[in-house]
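Peer 1:
Dropping the structure here:
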C-alpha cells in the first residue's frame with residue numbers, strides 16, 4: 001500500500017506482479033482482515049450488531065441458470081437476505 005506523505009491517504013496499491021494501481025478512491029474488500037482500513041489506516045472495527053442482529057450465513061452452491069452477471073444480487077425476504085453471487 002502506498003500512502004501520501006503527511007496525510008497518510010492511500011494513493012496506490014502494489015500488486016503481486018509488481019504493477020502499481022493508483023487512484024483517488026479505494027474500497028476495502030478484504031472482509032474482516034480490513035487490510036486497507038484497519039491495517040493501513042488504523043480505523044477500528046465498528047459493530048453494527050445492535051441494528052443488524054444476524055451474525056451468520058448459510059452458503060449453498062446451486063447450478064448455473066444462465067450467463068453469469070458481473071455483480072452480486074441481494075434480495076430481502078421477511079426471514080433474512082438471499083444473495084446470488086456468480087463465482
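Residue numbers (the working numbering): 1 to 87.
From the three backbone atoms N, C-alpha and C, an ideal C-beta is built for every residue, glycine too.
(1) So, is residue 27 buried or exposed, given that buried needs 16 or more other C-beta atoms within 10 angstroms?
(2) Specify the secondary structure class of residue 58 as computed by DSSP and reduced to three states.
(3) For a quick check, are the C-beta atoms of residue 6 and residue 23 less than 9 Å apart?
(4) Under a Cβ-count criterion, where at least 16 other Cβ atoms within 10 Å of its own Cβ denotes burial, should residue 75 be classed as buried or exposed?
(5) Starting from residue 65 and walking both ways along the beta strand (DSSP E), at which residues does that stretch end?
(6) Figure out for me which residue from 37, 31, 80, 41 has the closest Cα to the Cα of residue 53.
(7) Among the residues of its own chain, which have a CB less than 8 Å from the CB of residue 83, if the five just before and after it don't count?
Peer 2: Based on what the coordinates show:
(1) exposed
(2) DSSP, reduced to helix, strand and coil, places residue 58 outside both helices and strands of the structure shown, so it counts as coil.
(3) No, the pair does not count as a contact, with Cβ atoms beyond the cut-off.
(4) Classification for residue 75: exposed.
(5) Looking at the DSSP string, residue 65 is not in any beta strand (DSSP E), and its letter there is neither H nor E.
(6) 80
(7) If we look at residue 83 and ignore the five residues flanking it on each side, its Cβ neighbours are 72, 73, 74, 75.
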